[in-house]
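Working notes, beginning with the structure itself.
Protein chains: 2
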Amino acid sequence: MTTTTESPSTTDTAPAQGEELRAQVHDAARRGQRAAGDLALANRDAKDAVLHAMADALLERDAEILEANGRDLETAREAGLPGSTVDRLTLTTDRVASMAEGLRTVAALPDPIGEVVRGSVLPNGLQLQQVRVPLGVVGMVYEGRPNVTVDAAGLALKSGNAVLLRGSSSAERSNAALVSILADVLRAHALPAEAVQLVPCHDRASVQHLITARGLVDVVIPRGGAGLISAVVEQATVPAIETGAGNCHVYVDAHADLDTAVRILLNSKARRVSVCNAAETLLVHRDIAEEFLPKAIAALRSAGVTVHGDKRVLDVEGAGASNVVAATDEDWETEYGSLDIAAAVVDSLPEAVAHIAEHGTGHTEAIVTADLRSARQFSARVDAAAVMVNASTAFTDGAQFGMGAEIGISTQKLHARGPMGLPELTSTKWLAFGDGHVRPAG
Amino acid sequence: MTTTTESPSTTDTAPAQGEELRAQVHDAARRGQRAAGDLALANRDAKDAVLHAMADALLERDAEILEANGRDLETAREAGLPGSTVDRLTLTTDRVASMAEGLRTVAALPDPIGEVVRGSVLPNGLQLQQVRVPLGVVGMVYEGRPNVTVDAAGLALKSGNAVLLRGSSSAERSNAALVSILADVLRAHALPAEAVQLVPCHDRASVQHLITARGLVDVVIPRGGAGLISAVVEQATVPAIETGAGNCHVYVDAHADLDTAVRILLNSKARRVSVCNAAETLLVHRDIAEEFLPKAIAALRSAGVTVHGDKRVLDVEGAGASNVVAATDEDWETEYGSLDIAAAVVDSLPEAVAHIAEHGTGHTEAIVTADLRSARQFSARVDAAAVMVNASTAFTDGAQFGMGAEIGISTQKLHARGPMGLPELTSTKWLAFGDGHVRPAG
Numbered sequence: 001m002t003t004t005t006e007s008p009s010t011t012d013t014a015p016a017q018g019e020e021l022r023a024q025v026h027d028a029a030r031r032g033q034r035a036a037g038d039l040a041l042a043n044r045d046a047k048d049a050v051l052h053a054m055a056d057a058l059l060e061r062d063a064e065i066l067e068a069n070g071r072d073l074e075t076a077r078e079a080g081l082p083g084s085t086v087d088r089l090t091l092t093t094d095r096v097a098s099m100a101e102g103l104r105t106v107a108a109l110p111d112p113i114g115e116v117v118r119g120s121v122l123p124n125g126l127q128l129q130q131v132r133v134p135l136g137v138v139g140m141v142y143e144g145r146p147n148v149t150v151d152a153a154g155l156a157l158k159s160g161n162a163v164l165l166r167g168s169s170s171a172e173r174s175n176a177a178l179v180s181i182l183a184d185v186l187r188a189h190a191l192p193a194e195a196v197q198l199v200p201c202h203d204r205a206s207v208q209h210l211i212t213a214r215g216l217v218d219v220v221i222p223r224g225g226a227g228l229i230s231a232v233v234e235q236a237t238v239p240a241i242e243t244g245a246g247n248c249h250v251y252v253d254a255h256a257d258l259d260t261a262v263r264i265l266l267n268s269k270a271r272r273v274s275v276c277n278a279a280e281t282l283l284v285h286r287d288i289a290e291e292f293l294p295k296a297i298a299a300l301r302s303a304g305v306t307v308h309g310d311k312r313v314l315d316v317e318g319a320g321a322s323n324v325v326a327a328t329d330e331d332w333e334t335e336y337g338s339l340d341i342a343a344a345v346v347d348s349l350p351e352a353v354a355h356i357a358e359h360g361t362g363h364t365e366a367i368v369t370a371d372l373r374s375a376r377q378f379s380a381r382v383d384a385a386a387v388m389v390n391a392s393t394a395f396t397d398g399a400q401f402g403m404g405a406e407i408g409i410s411t412q413k414l415h416a417r418g419p420m421g422l423p424e425l426t427s428t429k430w431l432a433f434g435d436g437h438v439r440p441a442g
Numbered sequence: 001m002t003t004t005t006e007s008p009s010t011t012d013t014a015p016a017q018g019e020e021l022r023a024q025v026h027d028a029a030r031r032g033q034r035a036a037g038d039l040a041l042a043n044r045d046a047k048d049a050v051l052h053a054m055a056d057a058l059l060e061r062d063a064e065i066l067e068a069n070g071r072d073l074e075t076a077r078e079a080g081l082p083g084s085t086v087d088r089l090t091l092t093t094d095r096v097a098s099m100a101e102g103l104r105t106v107a108a109l110p111d112p113i114g115e116v117v118r119g120s121v122l123p124n125g126l127q128l129q130q131v132r133v134p135l136g137v138v139g140m141v142y143e144g145r146p147n148v149t150v151d152a153a154g155l156a157l158k159s160g161n162a163v164l165l166r167g168s169s170s171a172e173r174s175n176a177a178l179v180s181i182l183a184d185v186l187r188a189h190a191l192p193a194e195a196v197q198l199v200p201c202h203d204r205a206s207v208q209h210l211i212t213a214r215g216l217v218d219v220v221i222p223r224g225g226a227g228l229i230s231a232v233v234e235q236a237t238v239p240a241i242e243t244g245a246g247n248c249h250v251y252v253d254a255h256a257d258l259d260t261a262v263r264i265l266l267n268s269k270a271r272r273v274s275v276c277n278a279a280e281t282l283l284v285h286r287d288i289a290e291e292f293l294p295k296a297i298a299a300l301r302s303a304g305v306t307v308h309g310d311k312r313v314l315d316v317e318g319a320g321a322s323n324v325v326a327a328t329d330e331d332w333e334t335e336y337g338s339l340d341i342a343a344a345v346v347d348s349l350p351e352a353v354a355h356i357a358e359h360g361t362g363h364t365e366a367i368v369t370a371d372l373r374s375a376r377q378f379s380a381r382v383d384a385a386a387v388m389v390n391a392s393t394a395f396t397d398g399a400q401f402g403m404g405a406e407i408g409i410s411t412q413k414l415h416a417r418g419p420m421g422l423p424e425l426t427s428t429k430w431l432a433f434g435d436g437h438v439r440p441a442g
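So the sequence lines, in the order shown, correspond to chains A and B. Under full-length UniProt numbering, the residue at position 436 of the first sequence is numbered 436, and the numbers go up by one with no gaps. Under full-length UniProt numbering, the residue at position 55 of the second sequence is numbered 55, and the numbers go up by one with no gaps.
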C-alpha cells in the first residue's frame with residue numbers, strides 16, 4: 001500500500017504561482033467556513049433529504065459521470081499508468097450506483113449533531129451539557145478512487161461539516177463531474193454549494209497549502225498509501241488524523257483450538273489481501289508449533305499464500321513445504337498487501353506481545369486461545385486500535401462495527417482510534433444555563 | 001498572557017550537541033514508553049496509593065523542595081527576572097501543601113482506564129466493546145510554575161500515562177527536587193520511576209526534540225503564554241493539543257435583565273484578570289445600550305476597569321466617563337489579562353455572533369438574555385469550547401465543571417475541547433470477543 005506518487009512537495013512551483021495557489025486554497029477554505037456555519041444549523045430531515053437527492057442525481061446523470069471518467073481513463077492510459085491504478089480510477093454504472101447507495105446508507109444513520117454526550121446540574125444549580133457539534137471544515141487528501149469523493153462528501157454533510165477535497169489529478173474530470181452534481185443538489189435545496197469543494201489537484205503544492213491552513217481548516221484526513229499519509233501527517237500544521245497502515249498479527253496461543261486458529265488465520269490473511277486489516281504476520285506459541293504449523297502451512301498453501309518463516313518455523317516444517325521461504329528482518333515490518341505472510345514461533349504470550357509492540361502499527365491484533373487468562377492478558381497488554389479474541393482481523397471495519405460507513409481507520413490515539421464514522425467527524429461544545437450565576441472569589 | 005521567553009528554537013545549539021540532546025530526549029521517551037506499559041496495567045488501588053504516598057512525601061520533604069526553590073529564586077533575582085515571574089516561581093510551605101492536596105484530589109477521582117465507552121453484540125454474535133486506555137507517553141511543555149510539575153505528574157499517573165516534563169530552566173532545581181521525590185515514591189511502590197521524567201531544560205532545542213519525537217511521544221500539551229503555545233503547535237509533528245488563549249466575550253442581549261447583566265459582566269471581567277476565562281470584550285445590543293451602558297460603565301469603574309469603547313459606546317456615555325477611552329482595531333483582538341475591557345454596540349444578535357466569530361479564540365462566550373429564542377440562537381451559532389447562558393465566563397474550569405482537576409483548557413476542536421481532565425488524557429481500544437468468527441467474503 002506504499003506509494004509516493006502523491007507525496008506533497010512544493011519544489012515544482014514557482015514562488016509567484018505558489019502565492020496564487022495558496023490564495024486559491026485559502027479562499028476555498030473561507031467559503032467552506034461560511035458554508036459550514038449554515039450546515040451546522042441544518043437539521044437531520046434537511047440533511048437526509050439532500051443525501052437522497054444526491055443519490056438520485058448521481059443515478060440520473062451517470063452518463064455525464066462516465067463520460068468525464070472516460071476522459072480521465074484515456075489520459076491515464078496514454079500516460080502509461082499501471083493497470084491497478086487504472087482499475088481504481090474506473091467508474092461503471094454499477095460503481096456509480098454503489099456510490100449512490102452509500103449516500104442512502106449515510107442518510108439512514110443517526111445524526112450525531114446535537115447529541116448530548118454528558119450532562120448534569122452542578123451543585124450551584126448551573127445546568128451543564130456537553131453536546132456534539134461539527135468540526136467545521138474537513139480537508140481530505142486522497143488518491144485515485146473517485147468514490148472517496150462521494151463518500152467523504154456524504155459523511156461530511158451528515159455530520160454538518162464542509163469538506164475540501166484534494167483528490168488525484170488522474171481523477172480530475174471524474175471528481176469535477178461528481179462535485180458539480182453534488183453542488184447542484186445543494187443549491188436546489190437552498191444549502192451552500194461551497195459545502196463540497198474541490199481543491200486544485202494539478203500542483204502538488206495545493207496539498208501543502210491545504211494542510212497548513214491553520215485557522216481555516218479544522219482537520220485533515222489523508223487516505224491512500226503510506227507515503228501520502230506520512231507526508232501529510234509530518235507536514236501538516238492543521239490537526240491531522242493518521243489512517244490506514246496495518247501490519248496486523250494473528251497470535252496462536254498454546255491453548256488454541258487448532259481448527260479455529262486455521263480458520264481465523266486464513267480469513268485474516270486471504271479474504272482480501274489489499275486491505276489494511278489483513279494479517280501480515282503469524283505468531284505461534286512453541287507448545288503447539290509442531291502440531292499447528294503443518295496444518296496452517298498446508299491451509300495457507302491451498303489459498304496460494306507464501307509463508308516467510310523464521311528459523312524455528314523452518315525447523316518444524318523442514319525444507320519440504322513448497323510455500324515456505326526463510327524470513328528476513330524486513331519481513332516483520334512488511335505490510336505485504338499480497339498473498340504472503342511472515343511467521344515466527346514465540347516462547348510465550350509476553351514474547352508475542354513484545355513482538356507486536358516492536359513491529360505492529362497499532363491497527364488490529366488477534367489472539368486465538370481457549371484460555372481466559374491468555375485472552376485477558378493479550379487484550380490488556382496489546383496496544384492497538386482493535387484487539388480480536390477468537391475472531392478474524394477482517395472485522396475492523398466501520399460497516400462491520402455497526403457504524404454504517406467509515407471515512408478511514410485511525411491508527412493514532414488522539415481524537416479517534418479505529419474505524420471513523422460520523423461521531424468521529426464531530427467535536428463537542430459545553431453549554432451552561434444559569435440564572436445569573438457568578439463564580440465566588442477564590 | 002503572551003510571552004516569547006520559551007519559544008522553541010534550535011538556533012542556539014551546535015549540531016553535535018544537538019544530536020546528543022536529541023538522543024537524550026528520545027532515550028527518555030523510550031524509558032517512558034516502557035514505564036507506560038507497566039502503568040497501563042496498574043489498577044486504581046495501586047495508583048491511588050501512590051498518589052497519597054506522593055502527597056505525604058511532598059509534605060515530609062518540603063524543606064528539600066524549599067531549599068532547591070530558594071536556589072532557583074536566587075538565580076532568578078540575579079538574572080533580573082520580572083517580579084511576576086519570580087512570584088510564579090516561588091514555593092512556600094502553603095504552596096507545597098496545596099500541591100499535595102491536588103494529588104489527593106486526583107486520587108479521589110474515578111479511574112478513567114477500563115471504562116467501557118460503547119459496547120454491543122453485533123448481529124453475527126461478535127461481542128464488541130470500546131474501552132478507555134492510556135495515551136501512553138504525554139509530553140508537557142510549560143513555563144515557570146513548579147506546581148504544574150506535580151499536577152501533570154498526578155493526572156498522568158492516574159490516567160496510566162508516563163509523562164515527560166519540559167519545564168522552564170528558571171525552575172530547574174525546584175522541578176528536579178519535586179521529580180526526585182515523586183520518583184522515590186514510585187520506586188517504593190514497585191512502579192517504574194521513569195513514569196515521571198524531566199527533559200533537559202537548558203537548551204531550547206530540547207523542546208523541539210520532544211515535540212517531534214513521533215512514535216515515541218503520543219501527545220504534547222503546551223501550557224503557558226500564547227507564544228509558547230503557538231510555537232509548539234506549529235512545530236510539533238507529535239499530535240499537540242492547543243490550550244489556553246481566551247479572548248472571551250459577554251453579549252448583553254436586547255432582552256437582558258440589566259442587573260443580572262452587570263453582575264455577570266463584572267464577575268467575568270474582574271474576578272481574576274489574569275486567567276484565560278476572563279472576559280475581554282463586552283457587546284451590547286443597541287436597543288438597551290442607552291440604559292445599560294451607564295450602569296455597566298459605572299460598575300466597571302468601581303472595580304477599577306478601563307473600558308475601550310467603540311464610537312457608539314462613546315456616543316452613549318459621552319466623553320464624560322473617566323474610565324472610558326476610544327477603542328482601536330487592536331482592542332477587539334486583545335486578551336488584556338488586566339483591568340481593561342473592550343466594548344461595542346451591535347445592531348443584532350447575528351452581528352454579535354459575527355463579531356465573536358471574527359475576533360474570538362473559541363474559548364468561552366456568554367450571553368445575558370431573558371429571551372429563549374436569543375438563548376437558543378446564540379448557543380447554536382457561537383462556535384466555542386463553552387457557551388454560557390446567563391452565567392459568568394469564569395465557570396469554564398475543570399474543577400467548576402466537576403472534573404476535579406484539569407491539565408489545561410483546550411481551545412481546539414480535535415480530541416478534547418474545553419477543560420481537560422482525566423478522560424481527556426486517554427485514548428480508546430476496541431475489544432472484540434468471538435467464538436472463531438470469520439468474515440464472509442464480499
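Backbone N, C-alpha and C fix where the C-beta goes; we use that ideal spot for every residue, glycine too.
Output the distance between the C-alpha atoms of residue i and residue j, rounded to the nearest integer angstrom.
i: Met1 (chain A); j: Lys269 (chain A); result: With a pLDDT of 35 at Met1 (chain A), under the threshold of 50, the modelled position of that residue is not reliable, and no figure is offered here.
i: Ala343 (chain A); j: Asp310 (chain A); result: 6 Å
i: Leu165 (chain B); j: Asp151 (chain B); result: 11 Å
i: Ala231 (chain A); j: Gly139 (chain A); result: 15 Å
i: Val194 (chain A); j: Val179 (chain A); result: Reading the sequence as shown, one finds Glu at residue 194 (chain A) and not Val. Looking at the two C-alpha atoms, the distance is approximately 10 Å.
i: Pro112 (chain B); j: His209 (chain B); result: 30 Å
i: Ile181 (chain B); j: Leu58 (chain B); result: 7 Å
i: Val25 (chain A); j: Glu358 (chain A); result: 40 Å
Would you call residue i buried or exposed, if buried means 16 or more other Cβ atoms sit within 10 Å of its Cβ?
i: Asp259 (chain A); result: exposed
i: Thr13 (chain A); result: Since pLDDT at Thr13 (chain A) reaches only 46, below the 50 mark, its modelled position is unreliable, and the value read off the structure follows with that caveat. Buried, because 16 or more other Cβ atoms sit within 10 Å of the Cβ of Thr13 (chain A).
i: Pro350 (chain A); result: exposed
i: Pro110 (chain A); result: exposed
i: Glu202 (chain B); result: The question names Glu, yet the displayed sequence has His at residue 202 (chain B). Exposed: under 16 other Cβ atoms inside 10 Å.
i: Gly83 (chain B); result: exposed
i: Arg187 (chain B); result: exposed
i: Gly125 (chain B); result: exposed
Can you find a C-beta in chain B that's less than 8 Å from the C-beta of residue i?
i: Met388 (chain A); result: yes
i: residue 453 (chain A); result: This structure leaves residue 453 (chain A) out entirely; chain A is present only between 1 and 442.
i: Ala23 (chain A); result: no
i: Thr428 (chain A); result: yes
i: Ala384 (chain A); result: yes
i: Gln208 (chain A); result: no
i: Pro239 (chain A); result: yes
Judging by CA-CA distance, which residue of the options is the nearest neighbour of residue i?
i: Gly421 (chain B); options: B:Gly398, B:Leu157, B:Val207; result: B:Gly398
i: Gly418 (chain B); options: B:Phe395, B:Ala385, B:Val96; result: B:Ala385
i: Ala432 (chain B); options: B:Asp38, B:Leu128, B:Ala63, B:His52; result: B:Leu128
i: Gly227 (chain A); options: A:Ala213, A:Glu242, A:Thr237; result: A:Glu242
i: Arg223 (chain B); options: B:Tyr336, B:Arg263, B:Val252, B:Arg145; result: B:Arg145
Does chain A have any CB closer than 8 Å to the CB of residue i?
i: Asp249 (chain B); result: Residue identity differs from the one stated: residue 249 (chain B) is His in this sequence, not Asp. Taking Cβ atoms only, chain A never reaches closer than 8 Å to His249 (chain B), which makes this a no.
i: Ala380 (chain B); result: yes
i: Ile264 (chain B); result: yes
i: Thr260 (chain B); result: yes
i: residue 491 (chain B); result: Past the edges of chain B, shown from 1 to 442, lies residue 491 (chain B), and the structure says nothing about it.
i: Asn161 (chain B); result: no
i: Ser392 (chain B); result: yes
**Whole alpha helix (DSSP H) elements within the stretch 367-402 of chain A, 4-residue minimum** = If only uninterrupted alpha helix (DSSP H) runs of at least 4 residues are considered, those enclosed by the stretch 367-402 of chain A are 372-381.
**Request:** Pick out the complete alpha helix (DSSP H) segments inside the stretch 185-234 of chain B, 4 residues or longer, and give them in chain order.
**Result:** As far as the stretch 185-234 of chain B is concerned, its whole alpha helix (DSSP H) runs of at least 4 residues are 205-211.
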